[in-house]
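> My structure is below; once you've seen it, I'll send some questions.
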């Protein structure tokens, strides 16, 4: 079939197509390799020289000179052809002189992606539209997160009613990974935080001769705010990202599909053991962080302010009440639940490609840390309102 295609400019030639005019008609002659590796170059050239035949003529694409084409190239070709404005009732795309294998690939893509609507390129949005678009995306993500939290609560309630459904072996393994293997890094980070806070406080307090008050600062700060937040941030970067990577890789390898085929629930097998393990592990890590951070402050108080160990401990017992300690510990399970839920949800949302695993893992860390900071602010407001 010969199509008449009138170009808005002179005949154009590129490594992937030529626009030829024959006796007042034109056709698109595909050439080269329409493969995934070349898609960006093809799209870049198309932006500069789009296909623009007249509306009343049928669209003919000639594959006589086409060397290679894969599913990505076939999909792009159909999309580019779909960008040409066609009047209603006009003839569909005509493919001529294609190799049998090439035509089979194009037909396969067209059958499976036939319902794809070709939308025109999105116009640039002004700042107000960008804010609205970002807000809609954020609200959609929050909606999906709330839905996942609700589903997790329902599954947790079911398991609690029937404890025999808890996968105890998996739970113990996850506690070991989230708690025992994290102790060294938690001790190192909280020790350094305790030393830094004590040193900065000491340099100011020493000027006024109120050396003993460094104990107040380091004790209350570590137990109530610094240790829970620092430990939660470290766990978000270490354990939360690991949850996303593990579950995402399982989804990539179709292990989740196999699990569902066997009648197992990914929520019970994968999500709940990790959620419960982190809720148990994080308070223990916060307690260790309290002890190590205060120890770091005690070392600085002894070496820089000449406060003895006995004096430090006696003053610590006076100023750090049980209420202060419990406020810090009470934050840990809440932080842990959000980190675990975000990590598992992002893992289940991974698409079937390796780059998606990396993108979702990074997103997990960011969302978890932001959530921890927001939750800590909420705790601070609630404690102030309650007079705690």
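In the numbering used here, the protein residues as written are 17 to 404.
Where is the CB? At the ideal position from N, CA and C, for every residue including glycine.
Just so it is clear, the structure is predicted and the values come from calculations on it, not from any experiment.
1. CB-CB under 7 Å to residue 395, same chain, minus the five flanking residues each way: which ones, in chain order?
2. Strictly under 8 Å for the Cβ-Cβ distance: is residue 275 near chain B by that measure?
3. Thinking C-alpha only, which one of 399, 79, 99, 52 is nearest residue 67?
4. For residue 321 and residue 331, I'd like the C-alpha separation in whole angstroms.
5. Among 46, 244, 57, which residue has its Cα nearest to the Cα of residue 345?
6. How is the alpha helix (DSSP H) around residue 196 delimited, first residue to last?
7. Classify residue 25 as helix, strand or coil using the three-state DSSP reduction.
8. Within 10 angstroms of its Cβ, does residue 224 collect 16 or more other Cβ (buried), or is it exposed?
9. Throw me the rounded Cβ distance for the residue 218 and residue 317 pair, which I believe falls under 8 Å.
10. Give me the DSSP bridge partner(s) of residue 33.
11. Please classify residue 33: is it buried, with 16 or more other beta-carbons within 10 angstroms of its beta-carbon, or exposed?
12. Just how far apart, CA to CA, sit residue 296 and residue 265?
13. Taking the C-alpha atoms as reference points, what is the distance between residue 327 and residue 231?
14. Check each candidate in 63, 94, 146, 350 and name the one with the smallest Cα separation from residue 124.
15. Are residue 294 and residue 352 close, meaning C-beta to C-beta below 8 Å?
16. CB-CB under 7 Å to residue 373, same chain, minus the five flanking residues each way: which ones, in chain order?
17. Could you compute how far the alpha carbon of residue 147 sits from the alpha carbon of residue 153?
18. Measure the alpha-carbon distance for residue 282 versus residue 180 and round it to whole angstroms.
19. Tell me the rounded alpha-carbon separation between residue 51 and residue 272.
20. Enumerate, from N- to C-terminal direction, the unbroken alpha helix (DSSP H) stretches of 4 or more residues contained entirely within the region 319-353.
21. Going by alpha carbons, who is nearest to residue 160 out of 189, 364, 401?
22. So, under 8 Å CB-CB, residue 384 and residue 256 are touching, yes? Tell me the CB distance rounded to an integer number of Å.
23. Grab me the residues of residue 343's own chain with a C-beta within less than 7 Å of its C-beta, minus the 5 sequence neighbours each way, in chain order.
24. If you check the beta carbons only, do residue 205 and residue 246 fall under 8 Å apart?
25. Threshold first: 4 residues or longer. Then list the alpha helix (DSSP H) segments lying entirely within the region 53-98, N to C.
26. With respect to the beta strand (DSSP E) encompassing residue 111, which residues constitute its N-terminal and C-terminal limits?
27. Locate the alpha helix (DSSP H) running through residue 117, then write down its first and last residues.
28. Pick helix, strand or coil for residue 214, following the three-state DSSP scheme.
29. Relative to the C-alpha of residue 86, which residue among 57, 122, 77, 114 is closest?
30. Can you tell me whether residue 226 is helix, strand or coil according to DSSP?
31. What separation, rounded to the nearest whole angstrom, lies between the Cα atoms of residue 96 and residue 114?
32. Determine the burial state of residue 299: buried for a count of at least 16 other Cβ atoms within 10 Å of its Cβ, exposed for fewer.
33. Can you tell me which of 357, 60, 368, 150 puts its alpha carbon nearest to the alpha carbon of residue 163?
34. Closest by CA to residue 354, which one among 325, 78, 381?
35. If we call anything under 8 Å between Cβ atoms a contact, is residue 313 one with residue 188?
36. Short check: CB of residue 211 to CB of residue 308, under 8 Å?
Straight from the coordinates:
1. 347
2. The structure shown contains no chain B, having only a single protein chain.
3. 99
4. 14 Å
5. 244
6. Looking at the DSSP string, residue 196 is not in any alpha helix (DSSP H), and its letter there is neither H nor E.
7. Residue placement at residue 25 cannot be trusted, given a pLDDT of 44 that sits under 50; what the coordinates show is reported in the next sentence. Residue 25 falls in the coil class under three-state DSSP.
8. exposed
9. 7 Å
10. 46
11. buried
12. 25 Å
13. 9 Å
14. 94
15. yes
16. 261, 264, 265, 268, 366
17. 10 Å
18. 17 Å
19. 30 Å
20. 325-335
21. 364
22. 5 Å
23. 240, 399, 404
24. yes
25. 55-64, 87-98
26. 110-112
27. 116-128
28. helix
29. 122
30. coil
31. 17 Å
32. buried
33. 357
34. 381
35. no
36. no
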